[in-house]
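J.: Have a look at this one.
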Amino acid sequence: MPDYTFFDNVYDVVRQIPKGRVTSYGAIAAYLGSKQSSRIVGYAMMACGTANPPVPAHRVLNKQGLLTGKFHFGGDTMEQMLQSEGIEVIDNQVQNFKAIFWDPAIELAL
DNA sequence: CCAATGACGCTAG
DNA sequence: TCTAGCGCCATTG
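Per the UniProt record's numbering, the first sequence starts with residue 1, numbered consecutively.
Structure below.
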C-alpha cells in the first residue's frame with residue numbers, strides 16, 4: 001500500500017458523510033485544496049475498493065448530483081444503497097440533491 | 001523519467 | 001440553451 005495522503009483525506013471526508021446525505025467530488029476537492037483536484041477525488045473513489053475500510057463512495061456524486069460512478073459499483077447497486085438510506089434516485093439523478101447535499105467545507109468546518 | 005489514464009469541472013463557441 | 005474542448009493533480013505502466 002502506497003503512501004496515502006490525498007486519498008486518505010478524501011476517504012476520511014467521505015466516511016464522515018452522514019447517512020441520508022450526499023456530497024460532490026468538487027466539494028471534497030475544494031475542501032482539500034481546490035476544485036481543480038476534482039479529478040483526483042474521482043480517482044480516489046475509483047480506488048476506494050482498495051481503501052481500508054472501504055468508503056461509502058455511493059454517497060459521492062458529481063456537481064449535478066448524478067450517479068456518475070454507479071457503473072463502477074456494478075449495476076444499480078449505488079442507487080439501491082442510496083434509496084436504502086432514504087435518498088430518492090431517479091434516472092441516476094438524486095432528487096432533492098441540494099437539500100441533502102453535505103458540504104465538508106461547512107460541516108467539517110464546525 | 002516520460003506518457004497515458006481517470007467515478008470532474010469550467011470556459012468557450 | 002446545448003455541445004465540445006481544455007485543464008487540473010495523482011496514480012500506474
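Just so you know, even glycine gets a beta-carbon here, dropped at the ideal spot from N, CA and C.
Every value quoted in this text rests on a predicted model; they were computed, and no experiment measured them.
Pop quiz: G20 and I87 are said to be a contact at Cβ under 8 angstroms. What is the actual Cβ separation, rounded to whole angstroms?
T.: Residue 20 sits at position 20 when you count from the first residue of the first sequence. Residue 87 sits at position 87 when you count from the first residue of the first sequence. Confirmed, about 6 angstroms.
J.: Between which two residues does the alpha helix (DSSP H) holding K70 run?
T.: Reading the first sequence from its first residue, position 70 is the one you call residue 70. First-last of the alpha helix (DSSP H) with K70: K70 to F73.
J.: Give the single residue among H72, Y11, F7 and N96 whose Cα lies nearest to the Cα of V55.
T.: Taking the first residue of the first sequence as position 1, residue 55 is located at position 55. Of the listed residues, the one whose Cα sits closest to V55 is Y11.
J.: Report the rounded CA-to-CA distance for I106 versus K35, giving the unit in angstroms.
T.: Indexing the first sequence from 1 puts residue 106 at position 106. Indexing the first sequence from 1 puts residue 35 at position 35. When rounded, the distance between both Cα atoms is 15 angstroms.
J.: Name the DSSP bridge partner or partners of V89?
T.: As a working mapping, residue 89 is identified with position 89 in the first sequence. For V89, which the question treats as bridged, DSSP gives the partners V94.
J.: Going residue by residue through the segment 7 to 77, where are the continuous alpha helix (DSSP H) segments of at least 4 residues, counting only ones entirely within it?
T.: For the segment 7 to 77, whole alpha helix (DSSP H) runs of length 4 or above, ordered along the chain, are 25 to 32, 38 to 46 and 70 to 73.
J.: Report buried or exposed for K70, applying the criterion of at least 16 other Cβ atoms within 10 angstroms of its Cβ.
T.: Residue 70 sits at position 70 when you count from the first residue of the first sequence. Looking at its Cβ environment, which holds 16 or more other Cβ atoms inside 10 Å, K70 is buried.
J.: Whole angstroms are fine: how far does the CA of Q95 sit from the CA of Q80?
T.: As a first step, residue 80 is located in the first sequence; it is residue number 80 there, counting from the start. As a first step, residue 95 is located in the first sequence; it is residue number 95 there, counting from the start. Near 14 angstroms, if we compare the C-alpha coordinates of Q95 and Q80.
J.: Using CA coordinates, which residue listed in A99, A44 and I28 is at the minimum distance from H72?
T.: Working through the first sequence from its first residue, we reach residue 72 at position 72. Of the candidates A99, A44 and I28, the one whose C-alpha sits nearest the C-alpha of H72 is A44.
J.: Taking just the CA atoms, how far does A109 sit from S84?
T.: Your numbering for residue 84 matches position 84 in the first sequence. Your numbering for residue 109 matches position 109 in the first sequence. Spanning the two alpha carbons is a distance of roughly 28 angstroms.
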